[in-house]
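Peer 1:
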Amino acid sequence: RFWVVTNTYSTVVRSRSWALRAGFVLFLGASFFASSAAWAQTKIGFVRTERVLKESAPAQAAQKKLEAEFSKREKELQDLASRLRGLSEKLERDLPVLAEKDRVNQQREITDMERDLQRRQREFREDLNQRRNEELAGVVEQANQAIRKIAESEKFDVIFQEAVYASPRIDITDKVLRALGTKASGK
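The sequence shown finishes on residue 188 if you use the numbering used here, and the numbering steps up by one all the way, no holes.
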């Protein structure tokens, strides 16, 4: 009799355990289908930011503005580098016939000119990077406004700007480019 009770008890425990497992599986399945239905109704979009920052009208205008703003300084740096090369070559050619005092003076002049060139190049890069960041911030702000308008008008639930992979089906980059005044090329 004890054996039967124990056996009955283990059967009851097994049946409860099975019932709990089955209930849990049903709960997971129902949750999955409910979430699948919710995901099916979710509208998702994706924007390729690098394309927007290269191809959009505001980005191209910003690039032209930077080129116009910095072209004069870049030309001055190129001229200074060319002068420095010329002086170095002249010193190498004239080295055997130069007096010690003249050689030292020309080497000092070349060294000073190299330092000045390096300082100017560093300042140029810093200024250019700062201005580029300022211009890109404006482009990003315009792009974000265009994305928000598209999201609201087409009732998107979420729009991603970075992803490891995004299906072309959800890519709205061309719409953003058109909204920013660029003819989308469908790349």
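Where a beta carbon is used, it is the ideal one built from N, C-alpha and C, also for glycine.
Excluding the 5 residues preceding and the 5 following residue 167 in the sequence, name in chain order all residues of the same chain whose CB lies nearer than 6 Å to its CB.
Peer 2: So the qualifying residues of the chain are 47.
Peer 1: Between the beta-carbon of residue 150 and the beta-carbon of residue 180, is there less than 8 Å?
Peer 2: Cβ atoms of residue 150 and residue 180: closer than 8 Å.
Peer 1: Among the residues of its own chain, which have a CB less than 6 Å from the CB of residue 171, if the five just before and after it don't count?
Peer 2: Excluding sequence neighbours, residue 171 sits near 45, 46 and 47.
Peer 1: When the Cβ atoms of the stretch 71-82 are set against those of the stretch 137-145, are three or more pairs found closer than 8 Å?
Peer 2: In short, these stretches do not touch, since the Cβ pair count stays below three.
Peer 1: Cutting at 7 Å between CB atoms, please list the residues of its own chain near residue 73, excluding the five before and the five after it.
Peer 2: Same-chain partners within the cutoff: there are none.
Peer 1: State buried or exposed for residue 59, treating a residue as buried only when at least 16 other CB atoms are found within 10 Å of its CB.
Peer 2: Buried, by the Cβ-count rule.
Peer 1: The beta strand (DSSP E) with residue 139 in it runs from where to where?
Peer 2: Element bounds for residue 139: not the beta strand (DSSP E) but the alpha helix (DSSP H), 101-154.
Peer 1: If you measure between the beta carbons of residue 129 and residue 111, is that distance less than 8 Å?
Peer 2: No, the Cβ-Cβ distance between residue 129 and residue 111 is not below 8 Å.
Peer 1: How is the beta strand (DSSP E) around residue 71 delimited, first residue to last?
Peer 2: Run containing residue 71: none in the beta strand (DSSP E); it sits in the alpha helix (DSSP H), 58-95.
Peer 1: Taking residue 158 and residue 43 to be in contact with their CB atoms under 8 Å, please state how far apart those CB atoms are, rounded to whole angstroms.
Peer 2: Indeed they touch by this definition, with Cβ atoms about 5 Å apart.
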